[in-house]
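Numbering (our numbering), first residue to last: 2 to 183.
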């Protein structure tokens, strides 16, 4: 894919971060409602919580999950980070893909069933808990960028670094490692 222009990349990055943070907030909201419905002794409170979960599930879960996945994919493919060049990007992609699929095919139908019953079982407490932990992990690796390049990224890096050294960066490159020497 052709690299994104700076202004487009920056705008897309802001959109992606905003959408992803919204997904995290949505999941925390679903977790709060799930815990409320699960623990309350009041049938009216449980019913209200499940109906609120249904509103979130019907209107927000699928669009927010898909927008996060798509915007992240476009950013990965349109920037030097690439999709399969760095382990943290690759991990983020697969976790986002898996959580999107689980949100669409498991969480949303579970919310619909709970709203029809007016009660929540433990599944609608566990699912948002795991999702919240996953999104916090994804956020952490987005900020920290751990683990270095993938095998594909290492193959592409020495050629780029060798050209960089030849261009006068003054740093030698050891082909066996992606890090600069001396």
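Beta carbons: idealized from backbone N, C-alpha and C, even for Gly.
As the structure is a computational prediction, the values presented were derived from the model and not from experiment.
Each of 157, 5, 42 was checked against the Cα of residue 75, and the nearest Cα belongs to 5. In this structure, DSSP gives residue 64 a helical state, which the three-state scheme calls helix.
Between residue 101 and residue 125, the gap from beta carbon to beta carbon reaches 8 angstroms or more. Residues 73, 74, 77, 84 of the same chain have their beta carbon placed closer than 8 angstroms to that of residue 94, with the five preceding and five following residues left out of the count. DSSP places residue 110 within a helical segment (H, G or I) once states are collapsed to three. Under the three-state reduction of DSSP, residue 81 is assigned to coil, being neither helix nor strand. Following the DSSP letters along the chain, one finds residue 105 in no alpha helix (DSSP H), marked with neither H nor E.
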